[in-house]
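Heads up, the thing below is written out as C-alpha cells.
In our numbering, the protein residues as written are 37 to 138.
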C-alpha cells in the first residue's frame, strides 16, 4: 500500500472521529438551545481536517455547522484543507469543504 494511500486512510479515520465528536456537541447544543440559549450563540466544534496533531476548535453557530453537514462537508479551519479538497464555504473563519474520494 502506498504512503499516500495510508495517509488518506489515516486522515479519513481522524475526520470521522472528530465528526462524531462534533455531532455529539451539536446534539447537546440542540438540547440546550431549546432551554437555555439563543439560536445565534456560538458553540465550539473540533476541526475535522484529520491532520496529525490537530485538536483546534472552531467557534460557530449551530446553524453554520448544520449547513456544512447538509452538503456532507467536513468542518475545518482555513488552511487545514487538503490540496484535493473543494472548499464550499469560507464563513466564520472556517472552511466547509468536501473531500474527494482517494
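Glycine is no exception: its CB is placed at the ideal position from the N, C-alpha and C atoms.
Can you pull the DSSP bridge partners for residue 94?
Here residue 94 refers to the residue found at position 58 of the chain shown. Its beta-bridge partners are 81.
Hey, quick one: how far does the alpha helix (DSSP H) through residue 69 stretch, first residue to last?
Against the chain shown, residue 69 aligns to sequence position 33. Start and end: 39-71.
In angstroms with no decimal places, state the Cα-to-Cα distance between residue 69 and residue 80.
Along the chain shown, read from residue 1 onward, the residue named residue 69 stands at position 33. Along the chain shown, read from residue 1 onward, the residue named residue 80 stands at position 44. If you take the alpha carbons of residue 69 and residue 80, they lie about 14 Å apart.
Member of 85, 47 and 48 whose CA lies at the smallest distance from the CA of residue 113:
Numbered from its first residue, the chain shown carries residue 113 at position 77. It is 85 whose Cα lies nearest to the Cα of residue 113.
Buried versus exposed call for residue 67 [16 or more other C-beta atoms within 10 Å across all chains shown]:
The residue given as residue 67 occupies position 31 in the chain shown. The residue in question, residue 67, is exposed, as its Cβ has fewer than 16 Cβ neighbours within 10 Å.
Using only the heavy atoms of the ligand GTP, determine whether one of them is closer than 6 Å to the beta carbon of residue 50.
As presented, the structure is devoid of all ligands, the ligand GTP included, so that no description of it is given.
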